[in-house]
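K.L.:
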Amino acid sequence: MKESEKVNATRRRFFTEFDLHNNDAIIRPTPSGLTDDELDEHFKTVAALWNLTAKTSEVTLPQSDYHKAMEDFIESLRLADELADESDSAPITPPLLPRPPFNAEYLLHIFLKKNERDGVIGDLVESYGRLVCRFGKRYADIWFYKQVFGSLSPLLRQQILRIGALLWLGRILRRLIS
Amino acid sequence: MTKRPSNYIGEFEELVLLAILSQGDNAYGVTIREALEEATNRSITIGSLYTTLSRLADKGLVESWVGEPTSERGGRAKRHYKLKGTAQSLLREVQLSRQRLLSLNVAGGL
Numbered sequence: 005m006k007e008s009e010k011v012n013a014t015r016r017r018f019f020t021e022f023d024l025h026n027n028d029a030i031i032r033p034t035p036s037g038l039t040d041d042e043l044d045e046h047f048k049t050v051a052a053l054w055n056l057t058a059k060t061s062e063v064t065l066p067q068s069d070y071h072k073a074m075e076d077f078i079e080s081l082r083l084a085d086e087l088a089d090e091s092d093s094a095p096i097t098p099p100l101l102p103r104p105p106f107n108a109e110y111l112l113h114i115f116l117k118k119n120e121r122d123g124v125i126g127d128l129v130e131s132y133g134r135l136v137c138r139f140g141k142r143y144a145d146i147w148f149y150k151q152v153f154g155s156l157s158p159l160l161r162q163q164i165l166r167i168g169a170l171l172w173l174g175r176i177l178r179r180l181i182s
Numbered sequence: 002m003t004k005r006p007s008n009y010i011g012e013f014e015e016l017v018l019l020a021i022l023s024q025g026d027n028a029y030g031v032t033i034r035e036a037l038e039e040a041t042n043r044s045i046t047i048g049s050l051y052t053t054l055s056r057l058a059d060k061g062l063v064e065s066w067v068g069e070p071t072s073e074r075g076g077r078a079k080r081h082y083k084l085k086g087t088a089q090s091l092l093r094e095v096q097l098s099r100q101r102l103l104s105l106n107v108a109g110g111l
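Protein chains in written order, with this note's numbering: chain X, 5 to 182; chain C, 2 to 111.
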């Protein structure tokens with residue numbers, strides 16, 4: 005983006021008005037619907053008012069002061085924009101979470117029902133993260149394996165019972181029909 | 002179809018219900034397991050806890066809902082649990098039965 009375009013973009017966002025009572029420049033959000041020429045005209049008027057006040061008031065306000073203040077202001081906004089652009093374009097890196105052993109997690113994934121996966125694996129991952137912080141990765145890995153292998157038998161039993169109950173119901177229904 | 006609550010619960014089911022009750026609005030797998038481990042002083046696997054929770058839900062004693070996913074859980078959502086009114090009255094009944102049985106223990110065997 006060219007320098008003039010940047011200044012224009014800044015003027016589109018921030019609008020300077022001259023406060024006749026306090027002899028001061030006020031910065032407001034720029035009203036929408038103004039053309040570039042109108043904006044240019046407005047800023048020239050503000051500068052002229054500033055100069056007029058400087059001439060009529062007792063306060064010494066050299067002409068260059070207003071321009072310099074405005075230039076500084078616009079420069080600071082431009083720098084702020086650049087910084088904002090940089091932070092926008094920088095890739096957002098998520099915080100590195102300690103990953104539990106993948107094979108153990110996968111094993112659990114197979115044995116769990118779809119609606120239970122998030123809850124169970126999420127709980128294990130949360131506790132695993134805390135253990136890594138407290139006791140280190142090795143201890144947390146062992147704990148994770150223990151949890152997974154200890155969980156397989158009740159989960160498997162539950163599945164077998166469900167299948168068994170379905171088979172039993174099927175058998176009864178078949179008897180009733182025949 | 003609404004499930005009829007069962008009037009029988011096992012020892013571990015009772016402990017899980019009490020743990021859920023103790024955690025209030027923050028009852029989910031991790032907090033329930035931690036509360037149980039702290040109270041019973043024994044290691045509890047997440048699988049046994051979830052099978053029990055699933056059984057309690059089948060019995061119509063607990064209700065669950067899925068919360069917001071969080072980064073510390075690798076983007077996975079929490080499943081929160083809450084006791085139903087029937088579970089609370091069942092727990093009260095169980096406690097009363099225990100007290101009655103203990104009061105019968107004339108010899109003071111405990």
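Glycine included, every Cβ here is placed at the ideal spot set by N, Cα and C.
No experiment lies behind these values; they were computed from the predicted model shown.
1) What is the residue span of the alpha helix (DSSP H) that Lys60(C) lies within?
2) My guess is that Leu128(X) and Phe106(X) are in contact by the Cβ rule of under 8 Å, so how many angstroms apart are they, rounded?
3) Whose Cβ in chain X lies nearer than 7 Å to the Cβ of Ile47(C)?
4) Roughly how many whole angstroms lie between the Cα atoms of Gly48(C) and Ser72(C)?
5) Using the C-alpha atoms, what's the distance from Ala28(C) back to Arg134(X)?
6) Within the same chain, show all residues whose beta-carbon is closer than 6 Å to that of Ala144(X), passing over the 5 residues directly before and after it, in chain order.
7) In the DSSP assignment, the beta strand (DSSP E) including Leu84(C) goes from what residue to what residue?
8) Check whether the region 67-85 of chain C touches the region 163-173 of chain X, taking contact to mean three or more Cβ pairs, one atom from each stretch, closer than 8 Å.
9) Got a sec, what are the start and stop residues for the alpha helix (DSSP H) Leu180(X) sits in?
10) How big is the Cα-Cα spacing for Glu62(X) and Leu43(X)?
11) Of all Cβ atoms in chain C, is any one closer than 8 Å to the Cβ of Gly133(X)?
P.N.:
The structure says:
1) No alpha helix (DSSP H) contains Lys60(C), which DSSP labels as neither H nor E.
2) With 8 Å as the limit, Leu128(X) and Phe106(X) do not qualify as a contact, their Cβ atoms being about 13 Å apart.
3) Val124, Asp127, Leu128, Gln151, Ser155
4) 22 Å
5) 18 Å
6) Tyr132, Leu135, Val136
7) 77-84
8) no
9) 141-181
10) Because the pLDDT at Glu62(X) is just 47, under 50, the model does not fix this residue reliably, and the value given afterwards should be weighed accordingly. Near 30 Å, if we compare the C-alpha coordinates of Leu43(X) and Glu62(X).
11) yes
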